[in-house]
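As structure tokens, the structure follows; a few thoughts come after it.
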Ligand SMILES: Nc1ncnc2c1ncn2[C@@H]1O[C@H](COP(=O)(O)OP(=O)(O)OP(=O)(O)O)[C@@H](O)[C@H]1O
Ligand SMILES: Nc1ncnc2c1ncn2[C@@H]1O[C@H](COP(=O)(O)OP(=O)(O)OP(=O)(O)O)[C@@H](O)[C@H]1O
Ligand SMILES: [Mg+2]
Ligand SMILES: [Mg+2]
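Residue numbers (the working numbering), protein chains in the order written: chain R, 1 to 298; chain H, 299 to 706; chain X, 707 to 1021; chain A, 1022 to 1286; chain P, 1287 to 1501.
Below, the structure written as structure tokens:
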């Protein structure tokens, strides 16, 4: 019983982590058809930015809640700036090229940014645990849960709801669907495609940075954290169906619960869980759980 | 005057300069090399290491990144030897790198000293001619941890392990669990967890451990993962329920400071850092490192220093007159050499004189609030012959057979 | 019909073979690895022409390498010809099996599924402690039909051996590109419906390509195992695949020769970057890739085409 | 209707065909048999089910009900590539070409595929640029009068030329049954008749049975031996071109001709 | 209403439209007729901003070419691309409403009502998703969508291609009647038979050059 409860909570927390990490990626893919490897850099920069912020606020002795907000704001600011620079300065030049080539552009950017981290922050690692410590914990039976983890789940739920609502029920969301389908038509019917692209990429970048920021208190902010995140996020997004927000949510839940169950019940298979689940889902549904409708061609 | 003209001796230093292993191991290792080589060139190392450079000839270092695939590592090794014509290579942190480089080094007849990689397989699988490792292999870490735990926790009935799912983590756990079987046969291994390397998120693992009845948990995590695990577990109070044994904790304690829970059992892959004895040469090394980098040297720096000291001695032992000794002569001199460095007394006792052994030490972590400094208290030392297999016996087999012949 | 390309390729091959004894050893070994990896890249080119990119080509690379390594380890058999052939066959069999699955996928899903498959192999190998887990294990030096070279001779033999296999692969893949099945690559990328209505099974053609790329990947891995003398599970890790895709883009899908040139250039750039900027080599690599994409959108291979155009423009 | 011309079996026999998409009935109760070498025109309102009918015959859609026989072989539900291999080929309402290849390459690949040795090895061992395939491709390009665009990349083609290329790619394999879905829509009026004349007579010479969907009644009247009229998923008229086009329901619902007899200006 | 003068359009290095001039008066239905490859589509796409163009194009007093592509629809320009381009996951009705989402025009419901009244067959499948429609049905929806946006001028690229003659005739008459609403129409056609009798005026285009021709 306790195990079942633990699996559920651990799964939820892990799913929240995956979802927060993947949502920016799936958004950018969904709209721009770009499999954005730089997402790992956004995550890393967000985390480093957050660690810097936490360093500032820990020294300044601000209240914890304020510190947390400061951390998130600073990280998202980092995402905003990076997003604008990359989209306006680089991606703009390669739109229309082969999908794979664009993936490689983002990969190259990612490589460069990895070293930019070294130039800015050096090779040492940073800690930002204060917000997590401040959040405290609650005890449920034998289990102790960190309130910060519960906060993460809440953030994920809010993000998912916001994104779903924004895409399905707002004017902008529907315009986005048009841009996704065809840029030229969208422009011909009055949609500012350039702006949509920039906005999407910047929002995606900010979400990536947000992912890094909220994870920063839990982890050691160190070189290479971006690499791990990329594949994880790709897997979640592929399971859910590329570009689908609800898919990313369900994908994150499936992987989260499966992984938690594996750790508790069969730790030896933990390493395969994510790829195993991905392979199984893709075998059953070749294009992921949520597929975008294809027009009739004949 | 003759040797003022002599071309410098070139040494290739290979260490992680980028990637996740750079900060905990690669950079301290590299830094250790830098200051020690500088001291050698200035002739300022304490006796018997006080000759300028190696036997009077200055040294020149070339630093190479170990990051990348084994393929890249081997290619860069060849480049060092064949393109840059270095006289010796000192380096490597990953056991995979060492295993791949060893045969190439022998084939190219290139003198190579491994400084941090831990796998005992290097000299167990095959006799090596030009490859040396001054630092003891990793068996000592698991055995030492088990001995310390058993000595400190009398009524241990159950323990768990959380180790990274790759060779280092698996080997570390195998050694520790094997030693526990010998030393505390009544205690059972409960949860055996192997999260992915660099997983970053350990929520489910911590829950599993929280719901277990173990009194201790063993981990060979390092840096990023170690810190993430430490922060996450302390938010959920795992250390209040059981003692954590961190076999590489020493390398991370200066960074985690008061976040590392008091009472954690700390190892440093030998008597390194705060676990090292208070000798003159240790004080010297600690001082020059502090002076330059403003932070105490951690075990990779010690391992690098020990390796360079060993190489220097071997070189000088081989050197006859003014001529540069040949690689074969240095290798022959290196075999079975003994010396005392910052991390204590080294004896090249295993692997036909190619593999060093030293004593090891474990202690209990305590953050000294007054001094605002981490401390290791309750240090227990284990002689080299107590935690290392005797010559000619494979480490795994030695543990499995009950660690026969251990002299404690 | 001997075209100028073929002639140039043949001359380049002869030059590469003849120049080796004069070159420093480290150049030869670097080139050997580059040319072994080039086979994997060639496989990716075969797929890429169909619009498919595999982020899991390391699967076959690793299988080729482990096939060789395990045979050597268990039987002590060291003949390079047989070993490399078996490496290719082993990877080919795996490719033929997973091809039934992979051939249904396109675009990013093809890439992701192949990535997943290679990561599953990675997981299995990491879990196999008897094979050294992530540390891997060594492969003893090969023999060539009874000839057992050492030292410099071994390096040269491996180099020529790799070059010979490359040449055979290049000729066969070139012929494949000119065949009906090979020329359907672009059509499949452009419009599968039309291809089906021409009476061709798209799935089967893609399956064939998966197998061809798999065999090439296996051959590359087998050669790499012999050259490096060591295998480890990272050969199956996604970053390894990513590296191959990187080289493929660098080389361009334009011609067979580009794969070899691209691979060699990449190895050299990487090695010099590590040499000159040990802490910032990723930045150098990334910049090289970016500049290539921006200024040579069709890869290094297109340089040749440009030169030729300029030449033709001259009277 | 006049069944077989000289006593032999129909080349295409369709019985009780039905196709539903959810609640939409795109085709129902369609029974038609086409004798060899006949040229059949298909007309109908938009959304009447003409394309659906062609799609079922060529295997793109599986009928919900009914059978399709081609030369007495049941091809119902067979994949389209196998049906093509049997000798049925088609063109499309929206041109299906290879946009990144030149017109010539489009054509030569279609030609090479049609005349390859077959099988897996046949595909791999036959070169695509065989003299045969090249000759056939060039001849077809000439036939369709698009040689001006021979080396143009297909994505840059004007809409009309795309359609010609599309039809050319269906014709270049010289099938036994050819289905054309709105071959002339989008093709400028000056070219239309000339072109249809040349193509149709080439097809006649080769004894190819043709079924073409068409909205231009003059073309239908000129080239079809027989005309089927579709409305709301069923065949509402089937007869010679005259019989069908004079049918008052057809005039009201499809051709929009108010006075019987003449097509509109 | 629409005045084009000395318009040049190149795709890459190739000039496609050369010095094209034409004018459509208010409420007038005007043809742009030419054979395949003459440049009709290119000209219209340039007017919509999908291709860069030089020269002059004025809508009323508005300099069309100076306006970024997405701002043109807001000035009452309705466009029907020759390859339809409906958004597959929207319903037919959503596709028709689409331009008004971007421009945030008023009176949308009334206009939709009116469009449905002149094209009752579109109303019949208004709730179906655009991705399943037949070619001709999609054409109708694309026309309806253009009508939604085109309060001042409609740029229609081969609107009747693929429509059954009965329907094509009726729609032609509907378009001709837009005169009463003051909407101008420019119809590109390769098949003048469809439209000739409905047109007030027609321009002929050949190899990128436009000539005025009395009917
Ligand atoms: N991307 C392009 N690059 C180069 N040339 C192009 C491109 N697109 C179109 N063209 C050329 O521009 C010319 C005009 O094409 P356009 O599509 O405007 O013709 P059209 O009059 O609309 O013909 P249709 O009636 O067949 O639709 C053609 O000769 C075509 O080959
Ligand atoms: N895949 C599909 N899903 C749902 N409905 C479909 C599908 N394909 C066709 N339909 C519907 O079936 C009916 C017949 O379509 P079809 O394409 O056969 O018409 P058509 O006679 O070819 O018309 P047109 O002259 O406009 O091309 C239409 O109402 C169409 O919406
Ligand atoms: Mg149709
Ligand atoms: Mg056109």
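Positions of the beta carbon are idealized from the N, C-alpha and C atoms, including for glycine. On a predicted model such as this, the values are computed, not experimentally measured, just so you know.
Contact between the segment 201 to 208 of chain R and the segment 17 to 29 of chain R is present: three or more C-beta pairs spanning the two stretches fall below 8 Å. Shortest gap from the CB of residue 1326(P) to any heavy atom of ligand 4: under 7 Å.
Per DSSP, residue 1149(A) lies in no alpha helix (DSSP H) and is assigned neither H nor E.
Those residues placing their Cβ nearer than 7 Å to any heavy atom of ligand 3 are, following chain order, 1071(A), 1072(A), 1114(A), 1202(A), 1203(A), 1234(A), 1420(P), 1421(P), 1422(P).
Checking the DSSP bridge columns, you'll see residue 1174(A) partnered with 1123(A). Going by DSSP, residue 516(H) is part of the beta strand (DSSP E) stretching over 514 to 517. Interface flag for residue 1117(A) against chain X is set, since a Cβ pair is found closer than 8 Å. Each residue's CA atom was taken as its position, placing residue 1204(A) and residue 1241(A) some 11 Å apart. Beyond the five residues adjoining it in sequence on each side, residue 342(H) comes within less than 6 Å, by CB distance, of no other residue in the same chain.
The closest heavy atom of ligand 4 lies 7 Å or more from the beta carbon of residue 1399(P). Here the distance from the Cβ of residue 1120(A) to the nearest heavy atom of ligand 4 is not below 7 Å. Burial of residue 1476(P) is indicated by the presence of at least 16 other C-beta atoms within 10 angstroms of its C-beta. Each residue's CA atom was taken as its position, placing residue 1370(P) and residue 984(X) some 56 Å apart. Relative to ligand 1, residue 1205(A) has its C-beta separated by 7 Å or more from all heavy atoms.
Neighbours of residue 902(X) in chain A, taken as residues whose beta carbon is under 8 Å from its own, are 1100, 1101, 1102, 1105 in chain order.
A check of alpha carbon separations from residue 762(X) across 724(X), 827(X), 711(X) identifies 827(X) as the nearest. Cβ atoms of residue 614(H) and residue 352(H) come within 8 Å of each other, at about 6 Å. DSSP, read as helix, strand or coil, puts residue 1489(P) in strand. When the alpha-carbon of residue 1049(A) is set against those of 1058(A), 1043(A), 1039(A), the nearest one is in 1039(A).
For residue 468(H), at least one C-beta of chain X is nearer than 8 Å to its own C-beta. Looking at the backbone, the Cα of residue 1314(P) and that of residue 1469(P) are separated by about 7 Å. CA-to-CA, the gap between residue 1386(P) and residue 1419(P) works out to about 22 Å. Contacts with chain R at 8 Å (Cβ-Cβ) include residue 1081(A).
With the rule of 3 Cβ pairs closer than 8 Å, the segment 263 to 274 of chain R does not count as touching the segment 787 to 801 of chain X.
By the Cβ criterion, the segment 4 to 23 of chain R is not in contact with the segment 81 to 91 of chain R, since fewer than three pairs of Cβ atoms, one from each stretch, lie closer than 8 Å.
Classified as exposed, residue 136(R) has fewer than 16 neighbouring CB atoms from the shown chains inside 10 Å of its CB.
For residue 1179(A), the distance from the CB to the nearest heavy atom of ligand 4 is below 7 Å.
Rounded to whole angstroms, the separation of the alpha carbons of residue 659(H) and residue 560(H) is 18 Å.
Under a criterion of Cβ atoms nearer than 7 Å, the residues of chain R adjacent to residue 1389(P) are, in order, 190. For residue 811(X), no Cβ of chain A is located within less than 8 Å of the residue's own Cβ. Selection 1333(P), 1339(P), 1327(P) evaluated against residue 1207(A) yields 1327(P) as nearest (Cα-Cα). Look at residue 401(H) here: in three-state DSSP terms it is helix. Secondary-structure assignment with DSSP links residue 1095(A) through a beta bridge to 1090(A). Using a 10 angstroms sphere on the CB of residue 282(R), the tally of other CB atoms reaches 16 or more, which defines it as buried. In this structure, residue 609(H) sits near residue 411(H), with a CB-CB distance shorter than 8 Å. Residues of chain R with a Cβ closer than 8 Å to the Cβ of residue 316(H) are, in chain order, 114, 115, 118, 123, 223.
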